[in-house]
Amino acid sequence: MSEERSPGDLTKQQTADISEAQIAVHWPEEDYFSPPNAFIAQANLTDAAVFQRFSLDKFPECFKEFADLLDWYKYWETTLDTSNPPFWRWFVGGTINACYNCVDRHLARHRNKTAIHFVPEPENEAIQHLTYQELFVRVNEFAALLREACGLKTGDRVTLHMPMVAELPITMLACARLGVIHSQVFSGFSGKACADRVSDSESRVLITMDAYYRAGKLLDHKEKADTAVDEAAKDGHKVDKVLIWQRHPGRYSSAAKLVQGRDVIVNDLLRDFRGTRVDPVQMPAEAPLFLMYTSGTTGRPKGCQHSTGGYLAYVTWTSRNIQDIHPEDVYWCMADIGWITGHSYIVYGPLALAASSVVYEGVPTHPDAGRPWRIAEDLGVNIFHTSPTAIRALRREGPEEPAKYHHRFKHMTTVGEPIEPAVWKWYHSAVGKGEAVIVDTWWQTENGGFLCSTVPGLAKMKPGSAGPGIPGIHPVIYDDDGKELPAGSGRAGNICIRNPWPGSFQTIWKDPERYVRQYYARYCKNPKSKDWRDWPYMAGDGAVQAADGYYRILGRIDDVINVAGHRLGTKEIESAALVVAEVVEAAVVPVADEIKGKVPDLYVALKPGLAASAEIANRVSAAVVSGIGAIARPRRVIIVPDMPKTRSGKIMRRVLAAISNRQDPGDVSTLANPEVVDRIRELAK
Ligand code: PRX
Numbered sequence: 004m005s006e007e008r009s010p011g012d013l014t015k016q017q018t019a020d021i022s023e024a025q026i027a028v029h030w031p032e033e034d035y036f037s038p039p040n041a042f043i044a045q046a047n048l049t050d051a052a053v054f055q056r057f058s059l060d061k062f063p064e065c066f067k068e069f070a071d072l073l074d075w076y077k078y079w080e081t082t083l084d085t086s087n088p089p090f091w092r093w094f095v096g097g098t099i100n101a102c103y104n105c106v107d108r109h110l111a112r113h114r115n116k117t118a119i120h121f122v123p124e125p126e127n128e129a130i131q132h133l134t135y136q137e138l139f140v141r142v143n144e145f146a147a148l149l150r151e152a153c154g155l156k157t158g159d160r161v162t163l164h165m166p167m168v169a170e171l172p173i174t175m176l177a178c179a180r181l182g183v184i185h186s187q188v189f190s191g192f193s194g195k196a197c198a199d200r201v202s203d204s205e206s207r208v209l210i211t212m213d214a215y216y217r218a219g220k221l222l223d224h225k226e227k228a229d230t231a232v233d234e235a236a237k238d239g240h241k242v243d244k245v246l247i248w249q250r251h252p253g254r255y256s257s258a259a260k261l262v263q264g265r266d267v268i269v270n271d272l273l274r275d276f277r278g279t280r281v282d283p284v285q286m287p288a289e290a291p292l293f294l295m296y297t298s299g300t301t302g303r304p305k306g307c308q309h310s311t312g313g314y315l316a317y318v319t320w321t322s323r324n325i326q327d328i329h330p331e332d333v334y335w336c337m338a339d340i341g342w343i344t345g346h347s348y349i350v351y352g353p354l355a356l357a358a359s360s361v362v363y364e365g366v367p368t369h370p371d372a373g374r375p376w377r378i379a380e381d382l383g384v385n386i387f388h389t390s391p392t393a394i395r396a397l398r399r400e401g402p403e404e405p406a407k408y409h410h411r412f413k414h415m416t417t418v419g420e421p422i423e424p425a426v427w428k429w430y431h432s433a434v435g436k437g438e439a440v441i442v443d444t445w446w447q448t449e450n451g452g453f454l455c456s457t458v459p460g461l462a463k464m465k466p467g468s469a470g471p472g473i474p475g476i477h478p479v480i481y482d483d484d485g486k487e488l489p490a491g492s493g494r495a496g497n498i499c500i501r502n503p504w505p506g507s508f509q510t511i512w513k514d515p516e517r518y519v520r521q522y523y524a525r526y527c528k529n530p531k532s533k534d535w536r537d538w539p540y541m542a543g544d545g546a547v548q549a550a551d552g553y554y555r556i557l558g559r560i561d562d563v564i565n566v567a568g569h570r571l572g573t574k575e576i577e578s579a580a581l582v583v584a585e586v587v588e589a590a591v592v593p594v595a596d597e598i599k600g601k602v603p604d605l606y607v608a609l610k611p612g613l614a615a616s617a618e619i620a621n622r623v624s625a626a627v628v629s630g631i632g633a634i635a636r637p638r639r640v641i642i643v644p645d646m647p648k649t650r651s652g653k654i655m656r657r658v659l660a661a662i663s664n665r666q667d668p669g670d671v672s673t674l675a676n677p678e679v680v681d682r683i684r685e686l687a688k
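Numbering (the working numbering), first residue to last: 4 to 688.
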């Protein structure tokens with residue numbers, strides 16, 4: 004690692020003045036672990052020739068193998084259309100329905116098999132096991148309701164603000180059946196955050212649930228829908244209908260009043276559609292399936308638009324070959340469907356393969372850190388998927404818990420953040436009992452599915468490193484000057500993907516220019532070129548590649564921080580803080596955290612003459628929670644007399660980050676106000 008460049012060298016265009024990659028902790032290279040023979044003996048993919056099949060000279064036709072896992076109404080004519088780069092179009096001419104592929108096509112063989120195990124957070128509430136037949140019936144009835152009672156049709160957008168309940172995949176699949184574009188907003192986001200997404204997507208219908216359980220409490224959720232509708236109205240956008248599922252059917256569990264003419268209790272209205280069937284709409288492969296909003300470098304989240312055919316093909320192939328899902332597996336991804344991981348690897352991928360997928364409502368450590376292992380034991384879960392933050396929390400709160408239960412995992416995934424080798428090893432030995440293969444999967448909301456990971460039946464695992472590009476994905480690391488770093492150099496740079504792939508998002512909703520600028524402009528070799536080779540995709544992460552070809556991801560190089568695996572824009576947090584009347588300036592910096600990976604520290608300066616107080620700090624924190632959600636709550640709000648600034652007046656976040664991370668801020672003598680640094684250090688103690 005000695006010749007490694009500091010990720011601090013990344014910077015310049017499109018990069019933050021302090022980034023996660025810059026504060027990344029470097030750990031030494033680890034020894035390999037071999038996948039257990041018992042795993043290899045049953046694995047879906049053990050043919051090492053897969054990498055030749057997916058070499059760049061076989062591109063793009065190699066991706067036929069992905070699409071062939073699906074049922075098409077009409078087979079496509081063109082595998083990849085590159086006529087308008089970088090707006091790639093996959094499987095052009097094909098028609099398909101995602102709901103049909105996840106539900107209807109399994110009925111012949113798997114009608115009575117569980118599609119979804121819904122595990123309520125209260126442990127005394129029975130687990131629900133929804134068979135594929137029941138899923139079929141419920142999806143059809145709800146699709147009929149959407150079409151008949153709400154007038155929704157192909158191409159309309161609908162915002163979902165739903166918790167982790169079986170009704171969420173039912174709602175998504177009903178939309179997919181009609182070709183209605185769903186936009187699910189993480190239930191932990193505030194009503195205001197939901198409103199931004201409702202108005203950007205121009206959703207006339209908002210679908211929510213009255214309440215849900217979280218950490219032992221039944222939270223009122225419907226009240227957030229009221230805020231969302233009101234806030235969207237301020238933005239000039241009217242919501243016509245709010246559909247409300249009941250957490251306990253037949254009982255309304257919210258204190259918020261129903262608004263006459265607007266609010267509808269789904270469980271009541273559904274009675275009118277009992278037994279109704281809705282033909283799946285035959286959608287063009289490139290029709291959008293859903294929007295997933297994510298944080299970027301501006302104050303407003305952007306809607307990543309995912310396709311139907313390419314996306315579904317990508318998540319199905321990767322679920323089969325990287326997750327090693329067989330139809331007889333019981334698969335549990337403990338992410339939230341409000342994030343891309345849940346879309347791809349709780350709903351669409353596993354259901355396309357006719358697996359049984361677990362949907363767990365609550366927090367992993369409720370009522371104690373043994374809960375996940377009890378669930379796994381009870382349901383016979385054999386594939387488990389979670390984030391480093393969850394693993395760290397379970398390890399801290401119950402290091403001995405997994406040994407008390409008889410669950411047996413053949414396969415485990417980690418996703419969303421870098422995982423420290425020590426945490427990886429606990430996951431391997433304690434949770435996996437040394438019997439499970441582990442994949443560390445690196446990818447992003449924009450990508451649809453995994454980009455880097457080992458192929459579990461083929462490659463050794465290396466704690467702390469994701470792995471090489473998966474078959475069909477060809478990563479490359481560029482330096483700031485656009486030069487490729489030699490393969491395996493161990494030097495830090497910007498990780499990019501050389502080639503398009505079917506799971507990639509198609510554009511940013513209503514902002515195609517930003518799509519080009521943010522992901523493709525920087526390393527584009529020729530903006531006029533129609534050759535995909537000239538358009539590498541820039542992920543926005545710092546990474547190093549070791550001599551063995553494995554990539555280690557350092558973190559974001561832009562104004563995004565990854566808090567407990569949740570992606571937040573520093574600008575979004577700063578904008579939320581500036582809502583407080585006393586605040587004139589706000590600056591957010593990432594701070595390394597033992598459990599959550601990174602957390603935000605929020606520095607604010609007040610209007611002249613105002614005195615700092617805990618009361619103001621609390622209000623700033625509350626403003627962030629109501630503007631975004633509790634996940635964005637700053638670790639600390641530090642009120643400073645002035646921000647450290649350059650002579651041209653730019654806030655030096657780098658200095659603030661050094662203070663928060665207990666690092667040396669370096670030479671500050673060139674600042675316009677160097678004297679403020681010691682003062683801030685005192686305040687941030
Ligand atoms: O910084 C990378 C980190 O999470 C970011 C993407 O966040 P999001 O779009 O919310 O998607 C998360 C789940 C797919 C990336 O830019 N990240 C994701 N996976 C890993 C990771 N960092 C290190 N190792 C990973 N396995």
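The C-beta atom is built at its ideal place from N, Cα and C for all residues, glycine as well.
Where the beta strand (DSSP E) through residue i begins and ends
i	result
Trp93	92 to 95
Val547	540 to 548
Phe121	117 to 122
Gly278	No beta strand (DSSP E) holds Gly278; DSSP gives it neither H nor E.
Pairwise C-alpha distance: residue j and residue i
i	j	result
Leu736	Gly545	Outside the displayed range of the chain (4 to 688) lies residue 736, so it cannot be described from this structure.
Pro125	Thr416	26 Å
Asp20	Asn324	39 Å
Ile500	Glu128	46 Å
Ile328	Ser672	58 Å
Cys455	Ala355	22 Å
Val418	Ser532	35 Å
Gln521	Gln509	13 Å
Ala687	Trp335	41 Å
Pro367	Ala393	7 Å
Arg114	Gly552	43 Å
Pro402	Thr344	26 Å
Arg684	Glu585	22 Å
DSSP state of residue i mapped onto helix, strand, coil
i	result
Val384	coil
Thr673	coil
Ile325	coil
Ala490	coil
Ala187	Note on residue identity: the sequence assigns Gln, not Ala, to residue 187. Here Gln187 sits in strand by DSSP.
Cys455	strand
Tyr351	helix
Leu163	strand
Leu686	helix
His569	strand
Tyr317	helix
Leu246	strand
Leu659	helix
Residue i CB to nearest heavy atom of the ligand PRX below 7 Å
i	result
Thr230	no
Trp427	no
Trp93	no
Gln509	no
Gln548	no
Arg517	no
Pro593	no
Thr573	no
Trp504	no
Asn565	yes
Trp342	yes
Gly419	yes
Asp84	no
Start and end residues, alpha helix (DSSP H) containing residue i
i	result
Phe293	No alpha helix (DSSP H) contains Phe293, which is instead part of the beta strand (DSSP E) from 291 to 297.
Glu170	170 to 181
Gln25	23 to 26
Pro515	515 to 522
Gly194	194 to 204
Trp75	Looking at the DSSP string, Trp75 is not in any alpha helix (DSSP H), and its letter there is neither H nor E.
query = Unbroken alpha helix (DSSP H) runs of length 4 or more, entirely within the stretch 571 to 653: which are they?
reply = Entirely contained in the stretch 571 to 653, the alpha helix (DSSP H) runs reaching 4 residues are, in chain order, 573 to 580, 617 to 630.
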